[in-house]
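Some notes on the structure that comes next.
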Ligand SMILES: Cc1cc2nc3c(=O)[nH]c(=O)nc-3n(C[C@H](O)[C@H](O)[C@H](O)COP(=O)(O)OP(=O)(O)OC[C@H]3O[C@@H](n4cnc5c(N)ncnc54)[C@H](O)[C@@H]3O)c2cc1C
Ligand SMILES: *[C@@H]1O[C@H](CO)[C@@H](O)[C@H](O)[C@H]1NC(C)=O
Ligand SMILES: *[C@@H]1O[C@H](CO)[C@@H](O)[C@H](O)[C@H]1NC(C)=O
Ligand SMILES: *[C@@H]1O[C@H](CO)[C@@H](O)[C@H](O)[C@H]1NC(C)=O
Ligand SMILES: *[C@@H]1O[C@H](CO)[C@@H](O)[C@H](O)[C@H]1NC(C)=O
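Now the structure itself:
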């Protein structure tokens with residue numbers, strides 16, 4: 001008897017919690033948008049970058065950079081709002097209003113996260129998609145580049161190659177991977193044996209913290225600057241841009257592929273390769 005009443009109490013409790021969370025999330029959505037328009041000093045510019053499920057382009061904006069198609073399914077939890085800022089200053093109101101309304105923020109650069117962490121969540125959330133923040137400025141004389149977090153690796157390689165045949169950057173091999181997620185998580189590719197990880201070649205960064213402050217290396221301090229070079233950007237804020245140190249590469253590079261099975265001494269070949277790869 002006692003057990004039954006306990007479990008029915010638990011059931012009622014669960015029901016209450018469940019229905020509350022639904023009620024909250026539909027309110028949050030409107031309150032969030034209202035907050036956003038109050039916080040933004042340019043209303044016309046905000047309306048061009050805000051997507052809710054009511055906008056006809058919502059699904060195509062959400063889907064376009066999803067790499068793990070498992071999370072493109074109808075049953076994957078979807079954002080209440082997607083924001084595609086065209087300027088850094090449009091991100092601060094999103095952070096403020098998401099906090100005000102108890103919503104989580106997912107930051108997406110290239111969308112290549114294997115677990116879909118940049119575009120899905122079990123609690124009400126908003127996506128800040130950096131697809132429009134992908135400027136790349138290469139300084140050949142100083143051998144550096146500033147790149148916005150939404151830039152893709154292929155775009156970075158292309159912009160460097162446009163200006164120099166003897167500079168490169170040691171990052172991943174997949175051209176559509178985004179700089180935001182890739183470099184904040186380490187980033188390895190064909191140049192790793194000579195130059196290490198992409199994160200090893202970051203010399204400055206711009207990040208927005210949880211209080212909406214825009215910080216660079218000197219104002220964020222060396223601890224945070226260390227953490228965002230391998231610890232994953234989303235744990236610490238929104239990475240806006242990286243300053244990269246470019247590396248020297250030969251003017252001509254030969255690329256070839258050889259297929260060998262274990263029976264054909266593949267083990268020996270891989271062993272030898274490690275001594276010449278760099
Ligand atoms: C096809 C494919 C090929 C790959 N090839 C390589 C490779 O050659 N070498 C290699 O090292 N890795 C490779 N990866 C892994 C890839 O580097 C990671 O998945 C990386 O996190 C993707 O970054 P993204 O910006 O594209 O992803 P996203 O999905 O946008 O983000 C990944 C994570 O970083 C967070 N994040 C993204 N942008 C920001 C930001 N601006 N500020 C704060 N947090 C942010 C997201 O919230 C999420 O948690 C590959 C992945 C795929 C799918
Ligand atoms: C507001 O944003 C629009 C669209 O991005 C832009 O054309 C306009 O110049 C902006 N106005 C101000 C005052 O910044
Ligand atoms: C989405 O719909 C709202 C409401 O109709 C509109 O104000 C907004 O401009 C739309 N967003 C985009 C990016 O077109
Ligand atoms: C996006 O993905 C959804 C599933 O979540 C699917 O139903 C829809 O057809 C896709 N839309 C576009 C425009 O790709
Ligand atoms: C594999 O390597 C061994 C020792 O280096 C050599 O004797 C042998 O001929 C090789 N086999 C093949 C199939 O190349």
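Residue numbers (the numbering used here): 1 to 278. Where is the CB? At the ideal position from N, CA and C, for every residue including glycine.
Cutoff 6 Å; reference residue 191; Cβ partners in own chain excluding five residues on either side: 170
Of the listed residues 75, 100, 101, nearest to residue 122 (C-alpha basis): 75
Going by DSSP in three states, residue 125 sits in which element: helix, strand or coil? strand
Here's a check: name, in chain order, each residue in its chain whose Cβ is nearer than 7 Å to the Cβ of residue 9, leaving out the five neighbours to either side. A caution first: residue 9 carries a pLDDT of 43, below 50, which makes its placement in the model too unreliable to give a value.
Just verifying my parser: in three-state terms, what is the DSSP assignment at residue 252? coil
What are the boundary residues of the beta strand (DSSP E) that residue 245 is part of? 238-245
With C-beta atoms as the reference, is residue 204 less than 7 Å away from residue 217? yes
Compute the minimum distance between the beta carbon of residue 55 and the heavy atoms of ligand 3, and state whether it is under 6 Å. yes
Per DSSP, cross-strand counterpart(s) of residue 152: 178
Taking the C-alpha atoms as reference points, what is the distance between residue 269 and residue 199? 29 Å
Expressed to the nearest angstrom, what Euclidean distance is found between the alpha-carbon atoms of residue 22 and residue 174? Confidence in residue 22 is poor, its pLDDT being 40 and thus under 50, which makes the residue's placement unreliable; the coordinate value appears in the next sentence. Answer to the nearest angstrom: the Cα atoms are 40 Å apart.
In this structure, does DSSP put residue 99 in helix, strand or coil? helix
Just list the residues that DSSP pairs residue 159 with in beta bridges. In the DSSP output, where bridge partners are listed per residue, residue 159 has none listed.
Closer than 6 Å: residue 47 CB and nearest ligand 3 heavy atom: yes
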